[in-house]
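The next block holds one structure in the form of structure tokens; read it before the comments.
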Amino acid sequence: MTMPDAPSHAHQAPPDASPRLLFVTDLNYAAAGRRYCDEDIALSGRLREHFHVALCHPRDAVAFMKDADVMLVRNTGPAAGHLDAYHAYRAQAIAWGVPVFTELTGKADQIGKQYLIDLCAAGYPVIPTIDDPAHLGRLPETGQYVVKPKQGADSVGMRFVTRAEASAVQEPDVLIQPRIDFAYEVSFYYVDHDFQYALYAPDPDRRWELQPYDPSPSDLAFAQRFIDWNTIDHGIQRVDACRTADGRLLLVELEDLNPYLSLDRTTPDRREAMLAAMVRSLTGLSGGRAPAARS
Numbered sequence: 005m006t007m008p009d010a011p012s013h014a015h016q017a018p019p020d021a022s023p024r025l026l027f028v029t030d031l032n033y034a035a036a037g038r039r040y041c042d043e044d045i046a047l048s049g050r051l052r053e054h055f056h057v058a059l060c061h062p063r064d065a066v067a068f069m070k071d072a073d074v075m076l077v078r079n080t081g082p083a084a085g086h087l088d089a090y091h092a093y094r095a096q097a098i099a100w101g102v103p104v105f106t107e108l109t110g111k112a113d114q115i116g117k118q119y120l121i122d123l124c125a126a127g128y129p130v131i132p133t134i135d136d137p138a139h140l141g142r143l144p145e146t147g148q149y150v151v152k153p154k155q156g157a158d159s160v161g162m163r164f165v166t167r168a169e170a171s172a173v174q175e176p177d178v179l180i181q182p183r184i185d186f187a188y189e190v191s192f193y194y195v196d197h198d199f200q201y202a203l204y205a206p207d208p209d210r211r212w213e214l215q216p217y218d219p220s221p222s223d224l225a226f227a228q229r230f231i232d233w234n235t236i237d238h239g240i241q242r243v244d245a246c247r248t249a250d251g252r253l254l255l256v257e258l259e260d261l262n263p264y265l266s267l268d269r270t271t272p273d274r275r276e277a278m279l280a281a282m283v284r285s286l287t288g289l290s291g292g293r294a295p296a297a298r299s
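Here the sequence shown is numbered in the working numbering, starting from 5 and rising by one per residue.
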């Protein structure tokens, strides 16, 4: 990923007293339709103007965390691919008092996709979701259903089945949803509680060919409802939704762990505002922590 419209500061170093930022990423992770590593290389370069930045894989986070003032979790791929390391660095960050961005209180993808079932049951505008084939009657009848793992991401492990096949699903820890006929998907990007920009995929068959989207007040109210529910004070969240044939928005996913930002797809002013918001929040986090003894 490049940020051609942003000013170039490739040789600008941060002041010596700048906070130490541990940037957790997996530069080798291959995602369908986009290059995570490009985004993280470009983003870490821009953050280096304000922080001393060290990049590491999630499996190395515990080893380097003790020297960091703040830890930023970016494009690490699905946590299911390194679940032991994910739980280890979460536990160690809490024990050592290392602030993590996005903070570890998230109730959505950080802890799996159970929230889709809970939000659906609570009446939120979410794609109808169950985790027990015995409850298939709660879903609308449709030609196909989606089965996907609760700990999945990037469509890993997702498959389409008939209603009869859905009723016979036996594996644990999966979700079952109707396959929705939608006009397009749209994503709303937030830093802390603040909306930054929105992008959408006009062609439903090309999810990652994104364009800037101008949200209406009702669109923003829809997305903000999930941001408010998640009660995260510091971090990045992406609200993914689909526009149904009747014009409604339904939540597809609330990504609060490591949402891909598609920074090269938004406008230059929105991109710079997003970067500035991240710097402000990360700076506040890094300066607000009392030193902790670590061993």
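Backbone N, C-alpha and C fix where the C-beta goes; we use that ideal spot for every residue, glycine too. Predicted, not measured: the structure shown is a model, and the values here were computed from it.
In the three-state reduction of the DSSP assignment, V173 falls in the coil class, being assigned neither a helical nor a strand state. It is roughly 13 Å from the alpha-carbon of K111 to the alpha-carbon of I240. Take C124, set aside five residues on each side of it, and the residues of its chain with a beta-carbon closer than 7 Å to its own are V130, P132, T133, in chain order. Residue pairing of Y90 in beta bridges, as defined by DSSP: absent, with no partner found.
Nearest C-alpha to V190 among K152, P208, D177, I236: P208. Sequence-distant Cβ neighbours of P206 in its own chain, meaning closer than 7 Å and more than five residues away, are Y188, Q215.
Fully enclosed beta strand (DSSP E) runs of no fewer than 3 residues occupy 56 to 60, 74 to 77 of the stretch 53 to 126, in order along the chain.
Here the alpha carbons of L265 and G127 stand approximately 28 Å from one another. Here the C-alpha atom of L31 lies approximately 13 Å from the C-alpha atom of A58. Sequence-distant Cβ neighbours of C60 in its own chain, meaning closer than 7 Å and more than five residues away, are L26, V28, F68. About 6 Å separates the beta carbon of P18 from that of F55, a gap short enough to meet the 8 Å contact definition.
The DSSP-derived three-state label of S220 is coil.
Counting along the chain, I180 sits inside the beta strand (DSSP E) bounded by residues 178 to 182. In the displayed model, R242 falls within a strand according to three-state DSSP. Of the other Cβ atoms in all chains shown, fewer than 16 fall within 10 Å of the Cβ of R142; this residue is therefore exposed. L255 is not a Cβ neighbour of R247, given a cutoff of 8 Å.
For A46, there is no enclosing beta strand (DSSP E); the enclosing alpha helix (DSSP H) covers residues 40 to 51.
Counting other Cβ atoms within 10 Å of its Cβ, I236 reaches 16 or more and is therefore classed as buried. Three or more pairs of CB atoms, one per stretch, sit closer than 8 Å, so the stretch 194 to 201 contacts the stretch 227 to 236.
G288 has its alpha-carbon roughly 21 Å from the corresponding atom of Y93. Close CB contacts of G161 within its chain, under the 7 Å cut and outside five residues either way in sequence, are with K152, P153 (chain order).
As computed with DSSP, F27 is found in a beta bridge with L59, L76. When DSSP states are grouped into helix, strand and coil, I231 belongs to the helix group. In the three-state scheme derived from DSSP, where H, G and I count as helix and E and B as strand, R142 is classed as helix. Looking at the backbone, the Cα of Q96 and that of Y193 are separated by about 28 Å. In the structure shown, S285 adopts helical secondary structure according to DSSP, grouped into three states. In summary, L286 is buried, with 16 or more beta-carbon neighbours lying within 10 Å of its beta-carbon over all protein chains present. If you draw a straight line from the Cα of V74 to the Cα of L224, it comes to about 30 Å. For the 8 Å CB-CB criterion, E259 and D113 form a contact. The DSSP assignment places 253 to 259 as complete runs of the beta strand (DSSP E) inside the stretch 247 to 279, in order along the chain (cut-off: 3 residues).
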